[in-house]
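Enquirer: Heads up: the sequence shown begins at 43 in the working numbering, then just goes up one per residue.
Beta carbons: idealized from backbone N, C-alpha and C, even for Gly.
Shown below is the structure under consideration.
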Amino acid sequence: MNNKIFKECIFVWALLLPLLAFSQSKKPTIMVVPSDNYCIQHGFTTVFNSQGTKEVLPAYKKAVQNDAELN
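Right, dumping it as structure tokens:
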């Protein structure tokens with residue numbers, strides 16, 4: 043009886059081990075962007091007219107590419 047349980051445990055581990063190994067290979071991706079306030083203070087913004095109202099949005103890509111502090 044113990045031999046059968048042992049064989050079943052080995053079988054389950056043989057099936058689960060590759061699954062666990064492959065699931066760990068993908069690493070998470072984290073993107074850090076500057077704050078809206080930083081972009082506005084340093085002039086990294088995009089201004090456009092939205093139905094008669096002036097909208098100011100931060101330009102994150104422009105900030106990261108042009109500011110040496112954000113490396």
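With a CB to CB cut of under 6 Å and the five nearest residues on each side skipped, what residues in its chain are close to residue 86?
Expert: In the sequence shown, counting from the first residue as 1, residue 86 sits at position 44. If we look at residue 86 and ignore the five residues flanking it on each side, its Cβ neighbours are 101, 104, 105.
Enquirer: So, residue 75 versus residue 89, is the Cβ gap smaller than 9 Å?
Expert: Position 33 of the sequence shown, counting from 1, holds the residue named residue 75. Position 47 of the sequence shown, counting from 1, holds the residue named residue 89. No, they are not a contact pair.
Enquirer: Have a look at 95, 80, 91 and flag the residue whose alpha-carbon is nearest the alpha-carbon of residue 112.
Expert: Counting from 1 along the sequence shown, the entry for residue 112 is found at position 70. When each option's Cα is compared against that of residue 112, the closest is 80.
Enquirer: Using the C-alpha atoms, what's the distance from residue 110 back to residue 50?
Expert: Indexing the sequence shown from 1 puts residue 50 at position 8. Indexing the sequence shown from 1 puts residue 110 at position 68. The alpha-carbon atoms of residue 50 and residue 110 are separated by roughly 59 Å.
Enquirer: With respect to the beta strand (DSSP E) encompassing residue 91, which residues constitute its N-terminal and C-terminal limits?
Expert: The residue labelled residue 91 in the question sits at position 49 within the sequence shown. Per DSSP, residue 91 belongs to the beta strand (DSSP E) from 87-92.
Enquirer: What span of residues does the alpha helix (DSSP H) with residue 74 cover, start to end?
Expert: Here residue 74 refers to the residue found at position 32 when the sequence shown is read from its first residue. Unbroken run through residue 74: none, as it is neither H nor E.
Enquirer: To the nearest angstrom, report how far apart residue 61 and residue 96 are at their CA atoms.
Expert: Numbered from 1 along the sequence shown, position 19 holds the residue referred to as residue 61. Numbered from 1 along the sequence shown, position 54 holds the residue referred to as residue 96. Using only the alpha carbons, I get a separation of about 53 Å.
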